[in-house]
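Participant:
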């Protein structure tokens, strides 16, 4: 069983990512805890220790996936 | 059934995201196609049309999730 934490802050990108991604996870393989850092600022330190640098982020078994915009696709052309 | 495309370019972040996330998806709810844009540059235009701005990205039923580093968590403090 994998353990995942979805850290977010209620922003539109966060909500979109949550609605798109979390329902597709296999609840037989992973349990997901949703943490709203805007409502639970005391858990920001915990998120930082896990390696979270931005939200939304999904931490799966200690690995951090930042869900967001990064580098441009133009670099691949 | 949802349809997802995982666009990546073979970079370390791409591989990490693929290994962490894709195995947790419920294959009864979503089918995932993996597209390596470094090996299939002719599909960059398709990715752009879908709204992909960076890789790795997961497009789920037309919604784009960019998996990457974005804004800083410091803004939440």
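Protein chains in written order, with the working numbering: chain Y, 1 to 77; chain L, 101 to 177.
Using N, Cα and C, we set each Cβ at its ideal position, and we do this for glycine too.
Confirm, please, whether the CB-CB distance from residue 155/L to residue 105/L is below 8 Å.
Facilitator: Result no, Cβ atoms of residue 105/L and residue 155/L do not sit closer than 8 Å.
Participant: Just mark residue 81/L as buried or exposed, buried being the case when its beta carbon has 16 or more other beta carbons within 10 Å.
Facilitator: The requested residue 81/L is not part of the displayed model; chain L covers only 101 to 177.
Participant: Kindly indicate the opening and closing residues of the beta strand (DSSP E) around residue 155/L.
Facilitator: Residue 155/L -> no beta strand (DSSP E), and no H or E assigned at all.
Participant: Please confirm if residue 184/L has its CB atom under 8 Å from at least one CB of chain Y.
Facilitator: Missing from the structure shown is residue 184/L; chain L here goes from 101 to 177 and no further.
Participant: Spell out whether any CB of chain L is found under 8 Å from the CB atom of residue 16/Y.
Facilitator: Closer than 8 Å: yes.
Participant: Taking DSSP's pairing of strands, which residues face residue 163/L in a bridge?
Facilitator: Per DSSP, 160/L.
Participant: Nearest chain L C-beta to residue 63/Y closer than 8 Å, yes or no?
Facilitator: True, the Cβ-Cβ gap to chain L drops below 8 Å.
Participant: Is the Cβ-Cβ distance between residue 131/L and residue 24/Y less than 8 Å?
Facilitator: No, Cβ-Cβ distance for residue 131/L and residue 24/Y is not below 8 Å.
Participant: Check whether the Cβ atoms of residue 18/Y and residue 3/Y lie closer than 8 Å to each other.
Facilitator: For residue 18/Y and residue 3/Y, no; Cβs fall outside 8 Å.
Participant: Can you give me the C-alpha to C-alpha distance between residue 136/L and residue 49/Y, rounded to a whole angstrom?
Facilitator: Taking the straight line joining both Cα atoms gives about 32 Å.
Participant: Tell me whether residue 109/L sits in a helix, a strand or coil according to DSSP, three-state version.
Facilitator: The answer is coil: DSSP assigns residue 109/L none of H, G, I, E or B.
Participant: Let me know the secondary structure DSSP gives residue 137/L once reduced to three states.
Facilitator: DSSP places residue 137/L in coil when its eight states are reduced to three.
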